[in-house]
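As given, the protein sequences belong to chains U and X, one line each in that order.
Position 228 of the first sequence, counted from 1, bears residue number 227 in numbering that gives the first Met the number 0, the numbering being contiguous throughout.
Position 117 of the second sequence, counted from 1, bears residue number 116 in numbering that gives the first Met the number 0, the numbering being contiguous throughout.
Read the structure below first, then the notes.
Protein chains: 2
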Amino acid sequence: MIGIIGLGLIGGSVGLALRAHGGWRVVGHDRLEEVRVGAIEIGACDDVAASVEDLARESDIVMVATPSSLIPETGLLAARFMRRGAILTDAGSVKLPLQDLIAGALPVGVKYIGGHPMAGSERSGLPAASPGLFRGAVWALTAFAADREALDEVQALVRATGANPLVVDAGEHDAAVAYASHLPYVLAVALALSVERKTREIPLVRTLLAGGFRDTTRLARSDPRIAMDYCALNRGALLEAIAEFEECLRSMKADLEAVDYRALESEAERARGYLEGLSRKG
Amino acid sequence: MIGIIGLGLIGGSVGLALRAHGGWRVVGHDRLEEVRVGAIEIGACDDVAASVEDLARESDIVMVATPSSLIPETGLLAARFMRRGAILTDAGSVKLPLQDLIAGALPVGVKYIGGHPMAGSERSGLPAASPGLFRGAVWALTAFAADREALDEVQALVRATGANPLVVDAGEHDAAVAYASHLPYVLAVALALSVERKTREIPLVRTLLAGGFRDTTRLARSDPRIAMDYCALNRGALLEAIAEFEECLRSMKADLEAVDYRALESEAERARGYLEGLSRKG
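This is the structure:
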């Protein structure tokens, strides 16, 4: 049996995907009763547990899919009631701080495998959950001091959601997502804010916003509380990524100031080449 | 008859849209013969002209849809051959410099109405053209010293493409698109460049790129030569927009450095509120 704690976008989608795949009994828990009822209604769980304790006692694997800041406390609470040999995993978007907080405080016999599905949506909560959310996505796993068998079990679970498991170093993971996810979020917010400011001076700005602006700012529609969690947990790596971005932007601005369109075009070509290379990877 | 010079994404889509709408005879010209042949094949034109001169002599309205930097020269060449009472318009993404270059040098009897369809794609060229490209989009028109009748004719043409004409001040337009379009492009390039740099240090970055990064950098897949045109023509307004963005980013970075997540969250909330307000406007 797999127990999922936190039935939002991620937890709900994991439940839907596992039940669509078959072969797993899925029990969920959410601190809100309406969400527990909703999860049964949409078929994200076979059953729900009224408490973390009830869920933890029965589970072979417990996945904590709460907001990242609540994962250590929730995971360690569950671990107190988990059976020997049971596995604790999570879906938090930052891995090293969670690993540090959880791995050292686990009861004997409970294994921890950190996890991070690289899929999401600017929508959040159970109503946004979908069985196909993870299809083809990478699902990073950190296997600090965990045994091979536990890792195999979590990998099988991840594959059943449609995702591709990838074992990574927690610190490298956090540096990578600072660039791949957290920096784009911060830039989307800063762009929306600068456009909002200009709109107050020239209302026409708002009228002329088109698809390019909409795409570039899509991430800034995400729930700010969830974003604050990863900004806080990944603060150091994110600050470094912002500084690196500022340097790239400063260089483009200097080219523009110097009327050096040849240099600017060559930067734009390099960016396009990198992005096209990503598409080819599929 | 409407003559379209430059049968790329915009010119090709205008031809397709007008022919789908009916009521206009569309003749196109492109400096490349293969594009002229292609435009007939996909039905973007009723006919093609081998030269700007041939096209201009017959047209009631000439629309120049070349890259922006070629518009003044091409438009003024066409104007030399246009009939008295004929109208010159264009689809350039920056309006004040084009208006300054064109309006003062027009032969007597030819009217100029500047135009800018707020629709596009990261793809370019005739193969990307589509009859629905402009459906529901704003098409900005600048009517410097033009007569009412000429403006009415261009507005009718714009409506026939499916777009909504909007008469704007050329200077305000350019300030607005610096924020709405050109700044997002520059940020997308700078983000792609900083991620590319980090990938060289940590290859995992590339593996963990997901949908958020793809959306935020979509604009950086555009043709750099076309982008350089508007960066050059709109340099002053774009530099101001970059400086304003840098200030917004610096403020978020300062909050993160100061571990002031409350301030950061309130900025993220303001950005989200602005974006949600845009969705409600439709």
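For every residue, glycine included, the Cβ atom is placed at its ideal position computed from N, Cα and C.
Please return the same chain residues whose Cβ sits closer than 8 Å to the Cβ of residue i, not counting the five positions on each side in sequence.
i                    : result
residue 64 (chain U) : 3, 4, 5, 6, 7, 9, 10, 13, 89 and 90
residue 17 (chain U) : 1, 23, 25, 156, 159 and 160
Roughly how many angstroms separate the alpha carbons of residue i and residue j, rounded to a whole number?
i                     : j                     : result
residue 106 (chain U) : residue 193 (chain U) : 49 Å
residue 130 (chain X) : residue 153 (chain X) : 18 Å
residue 289 (chain U) : residue 189 (chain X) : The question about residue 289 (chain U) has no answer here: the residues shown for chain U are numbered 0 through 281.
residue 199 (chain U) : residue 166 (chain X) : 20 Å
residue 164 (chain X) : residue 62 (chain X)  : 15 Å
residue 79 (chain U)  : residue 255 (chain X) : 34 Å
residue 287 (chain X) : residue 253 (chain X) : Because residue 287 (chain X) is not part of the residues shown, which for chain X are 0 to 281, the question remains open.
residue 219 (chain X) : residue 103 (chain U) : 44 Å
residue 265 (chain X) : residue 224 (chain U) : 10 Å
residue 77 (chain X)  : residue 146 (chain X) : 20 Å
residue 82 (chain U)  : residue 29 (chain U)  : 21 Å
residue 263 (chain X) : residue 257 (chain X) : 10 Å
residue 183 (chain X) : residue 118 (chain U) : 23 Å
residue 208 (chain U) : residue 270 (chain X) : 15 Å
residue 32 (chain U)  : residue 19 (chain U)  : 24 Å
residue 123 (chain U) : residue 222 (chain U) : 7 Å
residue 202 (chain X) : residue 93 (chain X)  : 39 Å
residue 38 (chain X)  : residue 135 (chain X) : 24 Å
residue 57 (chain U)  : residue 87 (chain U)  : 13 Å
residue 67 (chain X)  : residue 195 (chain X) : 29 Å
residue 162 (chain X) : residue 245 (chain X) : 34 Å
residue 227 (chain U) : residue 138 (chain U) : 22 Å
residue 210 (chain U) : residue 114 (chain U) : 34 Å
residue 116 (chain X) : residue 75 (chain X)  : 21 Å
residue 71 (chain X)  : residue 181 (chain X) : 20 Å
residue 277 (chain X) : residue 235 (chain X) : 27 Å
Between residue i and chain U, is any beta-carbon pair separated by less than 7 Å?
i                     : result
residue 260 (chain X) : yes
residue 271 (chain X) : yes
residue 8 (chain X)   : no
residue 94 (chain X)  : no
residue 243 (chain X) : yes
residue 149 (chain X) : no
residue 38 (chain X)  : no
residue 268 (chain X) : yes
residue 76 (chain X)  : no
residue 264 (chain X) : yes
residue 238 (chain X) : yes
Just checking: is the beta-carbon of residue i within a distance shorter than 7 Å of some beta-carbon in chain X?
i                     : result
residue 14 (chain U)  : no
residue 227 (chain U) : yes
residue 279 (chain U) : no
residue 175 (chain U) : yes
residue 201 (chain U) : yes
residue 104 (chain U) : no
residue 231 (chain U) : yes
residue 282 (chain U) : Because residue 282 (chain U) is not part of the residues shown, which for chain U are 0 to 281, the question remains open.
Might you give, ordered along the chain, the residues of its own chain that have their beta carbon closer than 7 Å to the beta carbon of residue i, omitting 5 neighbours on each side?
i                     : result
residue 46 (chain U)  : 26
residue 284 (chain U) : Given that chain U is displayed from residue 0 to residue 281, the structure contains no residue 284 (chain U) and the question cannot be resolved.
residue 142 (chain X) : 112, 150 and 166
residue 108 (chain X) : 83 and 84
Can you find the residues in the same chain that come closer than 6 Å, C-beta to C-beta, to residue i, ignoring five residues on each side of it along the sequence?
i                     : result
residue 273 (chain U) : none
residue 281 (chain X) : Only weak support is given to the placement of residue 281 (chain X): the predicted model assigns it a pLDDT of 47, under 50, and the question is left unresolved by the model.
residue 205 (chain X) : 198
residue 127 (chain U) : 8 and 120
residue 132 (chain U) : 12 and 118
residue 35 (chain X)  : 29 and 47
Got a sec: does the ligand NAP put a non-hydrogen atom nearer than 6 Å to the Cβ of residue i?
i                     : result
residue 245 (chain X) : The ligand NAP is not part of the structure shown, which contains no ligands of any sort.
So, does the region 166-183 of chain U touch the region 229-248 of chain X, judging by three or more C-beta pairs under 8 Å?
no
Contact list for the region 180-199 of chain X against chain U, Cβ threshold 9 Å
Listed in sequence order: 180, 182, 183, 184, 185, 186, 187, 188, 189, 190, 191, 192, 193, 194, 195, 196, 197 and 198.
In chain order, what residues of the region 110-144 of chain X put their CB closer than 9 Å to some CB of chain U?
115, 117, 118, 119, 120, 121, 136, 137 and 139
Give a yes or no on contact between the region 91-100 of chain X and the region 39-50 of chain X, applying the rule of three or more CB pairs nearer than 8 Å.
no
Which residues, taken in chain order from the region 203-226 of chain X, show a beta carbon closer than 9 Å to some beta carbon of chain U?
203, 204, 205, 206, 207, 208, 209, 210, 211, 212, 213, 214, 215, 216, 217, 218, 219, 220, 221, 222, 223, 224 and 226
Taking a cut of 7 Å between CB atoms, which residues from the region 246-258 of chain X lie near chain U?
247, 248, 251, 252, 255 and 256
Short-range partners of chain X found in the region 158-174 of chain U, where Cβ spacing is below 9 Å:
165, 167, 168, 171, 172 and 174
Name the residues in the region 40-59 of chain X whose C-beta lies less than 9 Å from a C-beta of chain U; which are they?
none
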